[in-house]
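For the sequence shown, the numbering used here gives the first residue as 90, with consecutive numbering after it.
All C-beta atoms in this analysis are idealised placements derived from N, C-alpha and C, irrespective of residue type, glycine included.
Beneath this line is the structure, given in structure tokens, with notes to follow.
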Amino acid sequence: MSYTTDTSESNNVNINSVYDFKVKDIYGNIVSLEKYKGHVCIIVNVASQCGLTETNYDQLNYLYSRYGKSRGLRILAFPSNQFLSQEPGTDEDILNFVRSKGVQFDVFSKINVNGDDAHPLWKYLKSAQKGTFGDFIKWNFSKFIIDKNGRVVERYAPTTNPNDMVEDLEKYFDQEFGNVTDKNEL
């Protein structure tokens, strides 16, 4: 699967994996997702004022503490204010919030995940793994698993607790980097 995107970071580039994207972190730095090569990742849209916030942050923190060092799990959190304005603050406000939650995983600058101005990474994620109702993000805390080769291999509803993803994470932890197989063969 190859995609083309037109962003300020990369114009008319063929997109083959999440590693082909650049994003802005919560500190304003441009980060190439290539730095996550060889790691299983969870990419999630987050909000600080959602009914799902406490459970998701607690369980994402738990997964990162359990698998971050031992299995190389990386979690990439993207704040979005598109769902009932539940992430209204600035990046600085968001940073203060995640610090108060003890977050150790990577948090990025606030973005849109739906619509014409959705971040190209999120357009790619949605096209690679459509949800139950199509290729849009339904709510805060939609989650994607990215395998070690940068492929979008699983998608979860906002109501799926992160701890319920462990069985799927385990099969991708055991995948060898560079060994591209169909997810149905795992």
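May I have the straight-line CA-CA distance separating residue i from residue j, to the nearest angstrom?
i	j	result
Thr94	Pro168	Residue confidence for Thr94 is low, a pLDDT of 40 falling below 50, so the modelled location carries little weight and cannot support an answer.
Phe172	Phe262	32 Å
Pro209	Phe110	8 Å
Gly239	Leu184	26 Å
Glu123	Leu141	30 Å
Asp271	Glu256	The predicted model places Asp271 with a pLDDT of 49, which falls under 50 and marks its position as unreliable, so this point remains unresolved.
Lys237	Arg160	11 Å
Glu176	Val241	25 Å
Met254	Lys260	11 Å
Lys199	Ser154	24 Å
Phe266	Phe225	29 Å
Ser121	Lys158	21 Å
Compare the beta carbon distance of residue i and residue j with 8 Å and say whether it is the shorter of the two.
i	j	result
Asp114	Phe197	yes
Ile104	Tyr213	yes
Arg244	Gln264	no
Lys227	Ala246	yes
Tyr156	Leu258	yes
Going by alpha carbons, who is nearest to residue i out of the options?
i	options	result
Arg188	Ile200, Gly157, Ser137, Asp236	Ser137
Tyr235	Ser121, Tyr125, Gly117	Rather than Tyr, the amino acid found at residue 235 in this sequence is Ile. It is Tyr125.
Asn252	Ser174, Ser121, Tyr146	Tyr146
Asn250	Val135, Thr144, Val241	Thr144
Asn170	Asn201, Phe266, Glu259, Arg155	Asn201
Val135	Met254, Ser174, Phe266	Ser174
Thr248	Gly117, Cys139, Tyr116	Cys139
Practice problem: Would you check if the stretch 130-139 and the stretch 156-166 touch, i.e. whether three or more CB-CB distances between them fall below 8 Å? | Solution: Verdict: yes, contact present.
Practice problem: Let me know the beta strand (DSSP E) ranges lying completely inside the stretch 141-219, each 3 residues or longer, listed in chain order. | Solution: At a cut-off of 3 residues, the continuous stretches assigned as beta strand (DSSP E) that sit fully inside the stretch 141-219 are 163-168.
Practice problem: For the stretch 176-190 and the stretch 200-217, state whether three or more C-beta atom pairs, one from each stretch, are separated by less than 8 Å. | Solution: No, they do not touch.
Quiz item: Does the stretch 185-192 come close enough to the stretch 229-240 that 3 or more CB-CB pairs lie under 8 Å?
Solution: Contact between the stretch 229-240 and the stretch 185-192 is absent: fewer than 3 CB-CB pairs across the two stretches fall below 8 Å.
Quiz item: How about the stretch 139-156 and the stretch 107-123: do they share at least three Cβ pairs that are nearer than 8 Å?
Solution: Output reads no: the stretch 107-123 does not touch the stretch 139-156.
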